[in-house]
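> If you want my numbering, it's the 1-based position in the sequence shown plus 424. All C-beta atoms in this analysis are idealised placements derived from N, C-alpha and C, irrespective of residue type, glycine included.
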Amino acid sequence: MTELIRFGRFKNVLDVPALTELHVKAYIKFLQRDLAPDKREDYGLESILRETFPIKNYDGTISLEYVHYEIGQPRYTPEECRMLRLSYGAPLKVRLRLNKPENPIEEDVYLGEIPLMIGGGAFIVNGAERVLVNQLHRSPGIDFMEERVGDKKMHSCWIVPERGSWIEISVTKRDSVAIRIDQGGKIPATTFLRACSPEFSTNEDIIRVFHETVEVKVAGADEDQLIGRVVVKDVVDPTKNEKILAGGQRIAKGMLKIMDEAGLKTVEIIPKSATEDNLILNTLEEDDTHSHEEALLKIYGRLRPGTPQTPDKAKQLFYERFFDPQRYRLGRVGRFRLNRKFNMNVPESEMTVQKDDVVNSVKYIMKMRRNEGTPDDIDHLGNRRVRTIDELAGEEVRKGFLRLKRSILERLNMTMQENLTPKNLINSKTVSSAIEYFFGRSELSQVIDQTNPLSQLTHERRLSALGPGGLNRKRAGFEVRDVHISHYGR
425 MTELIRFGRF KNVLDVPALT ELHVKAYIKF LQRDLAPDKR EDYGLESILR ETFPIKNYDG
485 TISLEYVHYE IGQPRYTPEE CRMLRLSYGA PLKVRLRLNK PENPIEEDVY LGEIPLMIGG
545 GAFIVNGAER VLVNQLHRSP GIDFMEERVG DKKMHSCWIV PERGSWIEIS VTKRDSVAIR
605 IDQGGKIPAT TFLRACSPEF STNEDIIRVF HETVEVKVAG ADEDQLIGRV VVKDVVDPTK
665 NEKILAGGQR IAKGMLKIMD EAGLKTVEII PKSATEDNLI LNTLEEDDTH SHEEALLKIY
725 GRLRPGTPQT PDKAKQLFYE RFFDPQRYRL GRVGRFRLNR KFNMNVPESE MTVQKDDVVN
785 SVKYIMKMRR NEGTPDDIDH LGNRRVRTID ELAGEEVRKG FLRLKRSILE RLNMTMQENL
845 TPKNLINSKT VSSAIEYFFG RSELSQVIDQ TNPLSQLTHE RRLSALGPGG LNRKRAGFEV
905 RDVHISHYGR
């Protein structure tokens, strides 16, 4: 055994930390290999399998359920893998239960080899040692921006999810608020709010959220003070049951006399101090929808142009885009950043976008227009985070399981029910090919630099801004490449 002899005057005070500990711990947490099935957390591979299963056929008579998974022992040693040009990994077997009307079948299904880590964050893939570099990417959550267009300051923000559609909220040149979904066409922000919840169906509902309101007497009122004021709700003549003014419209000259003659005693308006910013009122003028259902249909038309529109389809598409946790996920970091920005107490388990998130985003843009809010610097390290191997691998493996889910659904609805078994239903190549691609050919999987031990350690600890969900070499501008003030000392 080798003994380390120190010739220095002072003893070593601190132990050298495990410099590649981040990789190792993240992958152990992802696999949870050494834990019993009933002790595993809803995280990593376990979380993906729970998300994917159960899978039911269309009439609900047959379902395929997940029981637990097991990672076996490697067939070859790391040395043999290097010599024979093989990948060092262990077999992944998943126990599935097929519930049929006659008799349920439970069996283990082999889904391919899952690579195992050797040493400090390296893998052996086809005989070569590779490392999966951690990714530095834009943190999920919300970022506010300010830019000058001529003499005007234009404000906008992005609601960035961990998974799903990006939402851009911006002020237009016509001083209204517009929303874009995934770089699509602009729609008025009030249309999106109406689609989010029936609570915002009418102009009155939206005005009350963004503006203070007061009730004033019609009889004996000073006409000069009320002309140009905006009414909050529809003003209706009670005798003729006719609409005099719609909610959101301004009181024109001579309107007070008509209201007085109609027998109206009071009218609810937005006071002068609250109408200094006409952002919401201008948006309502551009918004041609008047109900929750109309707003859903308009958004459906923008997202699926040329497709026949039905209320059910529109509702389903909007739900899938923003309220389905499997398709849209802010993540714990995204929810934390939204809560911190707006002083909210939404539980961290609430991973989808809420109507209050959109309302507060528009309110903050209005604050920025009054010089009360501050824009965010997206290049600051405080607005970036490191994605470790557990997140990166989880994203790719999830794609493989989604493809597997689609193929299982097809087979469940086509195959004769008598001959069905879990092994018949599963095509393991969909999952194994996703695993092989990520560990062998993805942008973040790199052949390890083994010039010397220090270069290997440096490579294992490296961060990359490229890769899935990150930057593209062609699109990365000067600001991203430049050294930022927050980089110093790190």
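Can you tell which of V821, P498, I850 and A817 has its C-alpha closest to the C-alpha of R830?
Of the listed residues, the one whose Cα sits closest to R830 is I850.
> Using 8 Å as the threshold, is the C-beta distance between E494 and F477 below it?
no
> Does the beta-carbon of Y451 have 16 or more other beta-carbons within 10 angstroms, so that it is buried, or is it exposed?
buried
> Under 8 Å: do the region 897-912 and the region 567-578 share three or more Cβ pairs, one atom per stretch?
no
> Less than 8 Å between the beta carbons of K787 and F634, yes or no?
Yes.
> Short of 8 Å in beta carbon distance, which residues of its chain neighbour V367, apart from the five on each side in sequence? Order them along the chain.
The structure shown does not extend to residue 367, since the chain is modelled only from 425 to 914, so the question has no answer here.
> On a Cα-Cα basis, can you pick out the residue from Q733, P732, L727 and R759 that is closest to R745?
L727
> I believe G755 touches P564 by the beta-carbon criterion, under 8 Å. Please report the beta-carbon distance rounded to the nearest angstrom.
5 Å
> Look up Y788 in the DSSP assignment and say whether it is helix, strand or coil.
helix
> Taking the beta strand (DSSP E) that R604 falls in, what are its first and last residues?
V601 to I605
> Given D532, which residues of its chain have a CB within under 6 Å of its CB, disregarding the five upstream and five downstream residues?
K517 and R519
> State the DSSP-derived secondary structure class of A686, mapped to helix, strand or coil.
In this structure, A686 counts as coil in the three-state DSSP scheme.
> Mind checking if A858 is an interface residue toward chain B, Cβ cutoff 8 Å exclusive?
The question asks about chain B, but that chain is absent: this structure has only one protein chain.
> Pull up the distance between the alpha-carbon of S594 and that of L703, whole angstroms please.
11 Å
> Where does the unbroken beta strand (DSSP E) through A552 begin, and where does it stop?
A552 to L556
> Hey, could you find the ends of the alpha helix (DSSP H) S879 is sitting in?
P877 to E884
> Hey, would you say P612 sits closer than 8 Å to T707, going by beta carbons?
yes
> Determine the contact status of Y724 and S589, defining contact as a CB-CB distance below 8 Å.
no
> If G432 sits next to F454, beta carbons under 8 Å apart, how far is it from one beta carbon to the other, in whole angstroms?
So it is not a contact: roughly 40 Å between Cβ atoms.
> Apart from the five residues on each side of it in sequence, which residues of its chain come closer than 8 Å, Cβ to Cβ, to T776?
F746, F747, D748, P749, Y752, R753 and L754
> Can you check whether the CB of K641 is closer than 8 Å to the CB of K689?
yes
> Excluding the five sequence neighbours on either side, which residues of its own chain have a C-beta within less than 6 Å of the C-beta of I603, listed in chain order?
I593, I611, A613 and F616
> So L868 packs on I566, CB below 8 Å; how close in whole Å?
With a Cβ gap of about 26 Å, L868 and I566 do not count as contacting.
> At what residues does the beta strand (DSSP E) containing H579 begin and finish?
K576 to V584
> What is the DSSP secondary structure of N523, reduced to helix, strand or coil?
strand
> Count the CB pairs spanning the region 439-448 and the region 779-799 that are closer than 8 Å, and state whether there are at least three.
no
> Cβ atoms of H561 and R885: under 8 Å apart, would you say?
no
> Taking DSSP's pairing of strands, which residues face F547 in a bridge?
R554
> What separation, rounded to the nearest whole angstrom, lies between the Cα atoms of L828 and P515?
Each residue's Cα considered, the two are about 18 Å apart.
> Might you give, ordered along the chain, the residues of its own chain that have their beta carbon closer than 7 Å to the beta carbon of D599, omitting 5 neighbours on each side?
Same-chain partners within the cutoff: N702, L703 and N706.
> Do you know how far the Cα of A552 is from the Cα of N876?
16 Å
> Checking 8 Å against the spacing of the C-beta atoms, do G824 and V855 come in under that value?
Note that the C-beta distance between G824 and V855 is below 8 Å.
> Tell me whether S487 sits in a helix, a strand or coil according to DSSP, three-state version.
strand
> Based on the DSSP output, what are the partners of D661 in its beta bridges?
E666, per the DSSP bridge assignment.
> Could you have a look at S852 and say whether DSSP puts it in helix, strand or coil?
coil
> Can you give the Cα-Cα distance for I479 and S487, rounded to whole angstroms?
5 Å
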